[in-house]
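Note sheet for the following structure.
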Amino acid sequence: MTASSLRTRDVSFQIDRKFLRGQQFATLLFFHLHRPGFRERISHALGHAAITVARSIKGLDGSMFGERLSHGLLGGMSQDRIRVLGEEYARRILAPALCDGDCEAWRALRAAGWRIRLVSGYLEEVVSALCATRGLQVDELVCNRLEYREHVATGRLLAPLVTTPSETWQSKGGHWIGIRNLEGDI
Amino acid sequence: MAIQGWTLDWYPQLGGRYLNPLSIRESFRQRNILVTGASGFVGKVWLAMLLESVPDTGHVYLVLRSGKRSAQQRLDALLDDSPVFRAVLARGGQSAMQRIRNRLRAINGDVSKPNLGIADDQLELLRKQIDLVVNLAGLVDFDPDVREAAAANVVGPLFVADFVRSCRQARLLHVSTAFVSGKRPGRIREAVETLSPGDHPLDAKAECNWLYDSIEREEKRSSDPNTLDELCQELQRRGHDCGNCQRRRCVATTLAASRLRASMSRLGHDRAQSLGWANTYTYSKSLAERLLVAQPDLQLVIFRPTIVESAVSYPFAGWNEGFNTSGPIIQLLGTWIRRVPVGTNKIIDLIPVDYVARGLMTAAAALLCGQHELVYQCGSSDANPIPVTRCVELSALAHRKHWQLRGRSWLERQVLSRWDARAVTDKPRFGLSHWRRLTNGIGEVIRNPVLPLFPARWPSLEKVGRRFDVMARKIARIEAILQIYEPFLMGASTVYECKSLARHSVLESEFRFEPQQIDWHGYMLDCHIPGLRKWCIHDSTDAASSVTG
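Protein chains in written order, with my numbering: chain C, 108 to 293; chain R, 424 to 972.
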């Protein structure tokens, strides 16, 4: 796909291939395993694993309730820690896996004047850090946002929730490009 | 029409601001300034800001103590070697530095002497010329020998005030500390209190007399021949082989001097604690304020910064110097320490040095224009408070980032980076004192019952025992640091009002004091802690960090 083949001004990028599930499990597990207390690390990681299994059994994957349930365990974690862990996860795990070709296409589109929307089920802290790490400029970020009170996460996700790719981008219009996580070109 | 010095507290739309905005550059135009303590951390940054950003000032006279080097040589070293002025050179080039040099004058002097120790011929000239005296000199040591604290922090400012009163048109800007309020909780007003922090009536003059009487008594007791004889006998009893009697007396004199210093430090600390101050530094600074306010015919501003820390942007991000503010405790959080006891909802008032320099510029300009208040507090707790718990968390995260990216070994990169110090509000069941006693005990056990049982293993067991001793000493040091910083970490929360600075509308945006703009996350992770590592701890692993200069 080239920039000239697109007909409207907006382009939506998706960076998660299967749109969450496996990856989101790993991301949230990473956050829980890096909580400040050793006991918290173990208990929250086990809790997260239990919720993930329960979600699969009950068929809650991709549902809003399932999303809220998974992120609920992040409650009590400081905003500062979530920001740092998001940066760390993006730098160490996601950024090396993004294809250079995809990033080039992204930059080319933006240079050609396209408005880029990034859609992701990851947390905002992870996605914005990923963009910063790879030097990708975004006009609109559509991703999951946690609610904070006095710099501490309440465990609630702010609306709108990003659950499946189709719901999110179809209502926004424009072209849809999925970065195929991470192998091959667009 | 603007009315000089007229506050509009009753006029809600202006929020109690002064009617006429303050132009820093206009206020300093052609004004001659005398500065004491310019070689300190705050002094250098403020001086660089003044000389670089306010090009139309008159001469700036720096009072510098001459020892091995003359005042002029010290000034040259300050301009050539300090990273602050190297940054100015990098920005403006040689021509800018030359303009700065042309305005600077070095004066041989000492603030702890009458007439600031300045030669008479220079004194007369200065008395006619000086418009503003900025007293930044002081001893920033929490529990020093009380004689040194009194000379630098109490007598020094009084000599400066005497000099200011002898000048034709000079005014005094005295830099104190916000912690003169002692252990008093709640909101701290911008006023010089008449009571001590423990709410006892306090006459500063009588207190100074008591202090100097106590010092004299201690000195007499120490130099008493009987005391020296007792020390000699003590040395003999302990089996110290000092050669002849004269040599023993010499050793006893040295020992007496060191004991005198320790007792002087204790004297100041105990007196400060009994009156409600945390340490000798804040006690001596508070006495100076009270004595200055009582001086007649003195146009005075007292400037009180809180905990002055690394720069956000000026002279460059992360610049810091010295290691006696939050440095030791923050360094501690990057080690194997896990739990730091803190007070619930306790706020720590950190303020970057460039914000302090801006505040100083505003207070000085207001004083020059006659729009000033008596006390200017300069901190962040009023507009943008950071709780101690968040500060500990941010420090731990900054260390985490550092060890991950720059750890020297696998242990540092993989384990220490994930160790994460935490702020705890409840007292741990197994605290540092327990660890110290345990390590001490293990060392003792190895030496006494274990060593004689295994004579063949003597060298290795002795080595293990010594390691436990070293560990116990390290833990004792950590305990001492935590004790020094206890007033900043524990107890009820204190907020330092900064209304005086907020009242002035400063025309030039680069001089505006706006602590609400500090992003603590970015500041701690990208400026303060990398800056501490680079400039104070001199950590070689941090050579490639984000802080520049």
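Don't be surprised by glycine CBs; every beta carbon is placed ideally from N, CA and C.
Pull up the CB-CB distance for residue 625 of chain R and residue 714 of chain R, whole angstroms please, since I reckon it's below 8 angstroms. Position 202 of the second sequence, counted from the first residue, corresponds to residue 625 of chain R. Position 291 of the second sequence, counted from the first residue, corresponds to residue 714 of chain R. Distance from residue 625 of chain R to residue 714 of chain R at the Cβ level is roughly 11 angstroms; contact not present, criterion being Cβ atoms closer than 8 angstroms.
How would you list, in chain order, the residues of chain R whose beta-carbon sits under 8 angstroms from the beta-carbon of residue 185 of chain C? Position 78 of the first sequence, counted from the start, is the residue given in the question as residue 185 of chain C. Simply 813, 816.
Specify the secondary structure class of residue 476 of chain R as computed by DSSP and reduced to three states. One-based indexing of the second sequence puts residue 476 of chain R at position 53. Of the three classes helix, strand and coil, the one that applies to residue 476 of chain R here is helix, per DSSP.
Expected contact under 8 angstroms - CB spacing of residue 450 of chain R and residue 792 of chain R to nearest Å: Here residue 450 of chain R is taken as the residue at index 27 of the second sequence, counted from 1. Here residue 792 of chain R is taken as the residue at index 369 of the second sequence, counted from 1. Between residue 792 of chain R and residue 450 of chain R the Cβ distance is about 5 angstroms, and since that is below 8 angstroms, they are a contact.
Interface flag, residue 431 of chain R vs chain C, CB-CB below 7 angstroms: Within the second sequence, the letter at position 8 stands for residue 431 of chain R. For residue 431 of chain R, the predicted model reports a pLDDT of 40, less than 50, meaning its position is unreliable; a value from the coordinates is still stated below. Nearest CB-CB separation between residue 431 of chain R and chain C: not below the 7 angstroms threshold.
Going by DSSP, what residues sit across from residue 185 of chain C in a beta bridge? Counting from 1 along the first sequence, the entry for residue 185 of chain C is found at position 78. C:259, per the DSSP bridge assignment.
Taking the straight line between their C-alpha atoms, what separation do you get for residue 961 of chain R and residue 904 of chain R? For the purposes of this step, residue 961 of chain R is taken as the residue at position 538 of the second sequence. For the purposes of this step, residue 904 of chain R is taken as the residue at position 481 of the second sequence. Near 20 angstroms, if we compare the C-alpha coordinates of residue 904 of chain R and residue 961 of chain R.
I believe residue 269 of chain C touches residue 235 of chain C by the beta-carbon criterion, under 8 angstroms. Please report the beta-carbon distance rounded to the nearest angstrom. As a working mapping, residue 269 of chain C is identified with position 162 in the first sequence. As a working mapping, residue 235 of chain C is identified with position 128 in the first sequence. Rounded to the nearest angstrom, the Cβ distance from residue 269 of chain C to residue 235 of chain C is 14 angstroms, too far for a contact under 8 angstroms.
Rounded to the nearest angstrom, what separates residue 243 of chain C and residue 212 of chain C at their Cα positions? As a first step, residue 243 of chain C must be located in the first sequence, where it is residue number 136. As a first step, residue 212 of chain C must be located in the first sequence, where it is residue number 105. So the alpha carbons of these two residues sit roughly 11 angstroms apart.
In whole angstroms, what is the alpha-carbon distance linking residue 672 of chain R and residue 634 of chain R? Mapped onto the second sequence, residue 672 of chain R falls at position 249. Mapped onto the second sequence, residue 634 of chain R falls at position 211. Annotation: residue 672 of chain R to residue 634 of chain R spans about 30 angstroms, alpha carbon to alpha carbon.
Between the region 881–900 of chain R and the region 783–798 of chain R, can you find at least three pairs of beta-carbon atoms closer than 8 angstroms? For the pair of segments examined, the region 783–798 of chain R was found not to touch the region 881–900 of chain R: the number of CB pairs separated by less than 8 angstroms stays below three.
Quick one: does residue 160 of chain C have its CB under 7 angstroms from some CB of chain R? Position 53 of the first sequence holds residue 160 of chain C. Output row for residue 160 of chain C: interface = no.
Taking only beta carbons into account, state which residues of the region 242–273 of chain C come closer than 8 angstroms to chain R, listed in chain order. Answer set for the region 242–273 of chain C: 258.
So residue 538 of chain R and residue 708 of chain R are supposed to be a Cβ contact under 8 angstroms. How far apart are they, rounded? Indexing the second sequence from 1 puts residue 538 of chain R at position 115. Indexing the second sequence from 1 puts residue 708 of chain R at position 285. With a beta-carbon spacing of about 23 angstroms, residue 538 of chain R and residue 708 of chain R fall beyond the 8 angstroms limit used to define contacts.
Just the C-alpha distance for residue 835 of chain R and residue 192 of chain C, rounded to the nearest angstrom, thanks. Counting from one through the second sequence, the residue named residue 835 of chain R turns up at place 412. Counting from one through the first sequence, the residue named residue 192 of chain C turns up at place 85. A straight line joining the alpha-carbon of residue 835 of chain R with that of residue 192 of chain C spans about 18 angstroms.
Between the alpha carbons of residue 161 of chain C and residue 736 of chain R, how many angstroms are there, rounded? As a working mapping, residue 161 of chain C is identified with position 54 in the first sequence. As a working mapping, residue 736 of chain R is identified with position 313 in the second sequence. The alpha-carbon separation between residue 161 of chain C and residue 736 of chain R amounts to approximately 50 angstroms.
Going along the region 186–209 of chain C in order, which residues come within less than 7 angstroms of chain R, judged by CB to CB distance? Within the region 186–209 of chain C, 187, 188, 190, 191 place their CB atoms closer than 7 angstroms to a CB of chain R, listed in sequence order.
Could you tell me the distance, in whole angstroms, from the CA atom of residue 445 of chain R to the CA atom of residue 783 of chain R? For the purposes of this step, residue 445 of chain R is taken as residue 22 along the second sequence, with counting starting at 1. For the purposes of this step, residue 783 of chain R is taken as residue 360 along the second sequence, with counting starting at 1. Roughly 13 angstroms between the two C-alpha positions.
Residues of chain R with a CB under 9 angstroms from the CB of residue 141 of chain C: which are they? As a position in the first sequence, residue 141 of chain C is number 34, starting the count at 1. In chain order: 823, 841, 843.
Counting only the same chain and skipping the five closest in sequence on each side, list residues whose C-beta sits under 6 angstroms from that of residue 470 of chain R. Taking the first residue of the second sequence as position 1, residue 470 of chain R is located at position 47. Cβ neighbours of residue 470 of chain R beyond the five flanking positions: 461.
How is the beta strand (DSSP E) around residue 581 of chain R delimited, first residue to last? By 1-based counting over the second sequence, the position of residue 581 of chain R is 158. In this chain, residue 581 of chain R is not harboured by any beta strand (DSSP E); it is covered by the alpha helix (DSSP H) spanning 579–589.
Residues bridged to residue 911 of chain R (per DSSP): Position 488 of the second sequence, counted from the start, is the residue given in the question as residue 911 of chain R. According to DSSP, residue 911 of chain R bridges with nothing at all.
Own chain partners of residue 483 of chain R with C-beta closer than 6 angstroms, once the 5 adjacent residues on each side are dropped: Residue 483 of chain R sits at position 60 when you count from the first residue of the second sequence. Hits under 6 angstroms: 456, 526, 527.
Once you ignore the five residues that flank residue 781 of chain R on each side, which residues in its own chain have a CB closer than 6 angstroms to its CB? As a first step, residue 781 of chain R must be located in the second sequence, where it is residue number 358. So the qualifying residues of the chain are 934, 936.
Looking only at DSSP bridge pairs, what is residue 799 of chain R linked to? Against the second sequence, residue 799 of chain R aligns to sequence position 376. Looking at the DSSP output, residue 799 of chain R sits in a beta bridge with R:726.
C-beta atoms of residue 724 of chain R and residue 779 of chain R nearer than 7 angstroms: The sequence position of residue 724 of chain R within the second sequence is 301, counting from 1. The sequence position of residue 779 of chain R within the second sequence is 356, counting from 1. Cβ distance not < 7 angstroms, so residue 724 of chain R and residue 779 of chain R don't count as in contact.
Runs of 4 residues minimum, wholly inside the region 598–676 of chain R: which ones carry the alpha helix (DSSP H) assignment? You should have 627–646, 648–661.
Assuming residue 1031 of chain R and residue 596 of chain R make a contact with CB atoms under 8 angstroms, what is their CB distance in whole Å? No statement about residue 1031 of chain R is possible, as the shown extent of chain R runs from 424 to 972 and does not include it.
Thinking residue 522 of chain R and residue 478 of chain R are a contact (beta carbons under 8 angstroms), I'd like their distance in whole angstroms, please. Start at 1 with the first residue of the second sequence, and residue 522 of chain R comes out as number 99. Start at 1 with the first residue of the second sequence, and residue 478 of chain R comes out as number 55. The beta carbons of residue 522 of chain R and residue 478 of chain R sit about 7 angstroms from each other, so the pair counts as a contact at 8 angstroms.
Excluding the 5 residues preceding and the 5 following residue 741 of chain R in the sequence, name in chain order all residues of the same chain whose CB lies nearer than 6 angstroms to its CB. Residue 741 of chain R sits at position 318 when you count from the first residue of the second sequence. If we look at residue 741 of chain R and ignore the five residues flanking it on each side, its Cβ neighbours are 733, 950, 953, 954, 970.
In chain order, what residues of the same chain lie with their CB nearer than 6 angstroms to the CB of residue 259 of chain C, ignoring the 5 residues before and after it? Position 152 of the first sequence, counted from the start, is the residue given in the question as residue 259 of chain C. Around residue 259 of chain C, the same chain offers 185 as residues with beta carbons nearer than 6 angstroms, after the five sequence neighbours per side are excluded.
Which residue's Cα is closest to the Cα of residue 1017 of chain R: R:759, R:900, R:796, R:917? Nothing about residue 1017 of chain R can be read from this structure; chain R reaches only from 424 to 972.
Measuring only the C-alpha atoms, how far is residue 847 of chain R from residue 854 of chain R? On the second sequence, residue 847 of chain R is found 424 positions in, with the first residue counted as 1. On the second sequence, residue 854 of chain R is found 431 positions in, with the first residue counted as 1. Straight-line measurement puts the Cα of residue 854 of chain R at about 12 angstroms from the Cα of residue 847 of chain R.
Alpha carbon to alpha carbon, what distance is there between residue 206 of chain C and residue 215 of chain C? To locate residue 215 of chain C, count along the first sequence from 1; it is residue 108. To locate residue 206 of chain C, count along the first sequence from 1; it is residue 99. About 14 angstroms.
For residue 770 of chain R versus residue 728 of chain R, is the C-beta spacing smaller than 7 angstroms? Along the second sequence, read from residue 1 onward, the residue named residue 770 of chain R stands at position 347. Along the second sequence, read from residue 1 onward, the residue named residue 728 of chain R stands at position 305. No, the pair does not count as a contact, with Cβ atoms beyond the cut-off.
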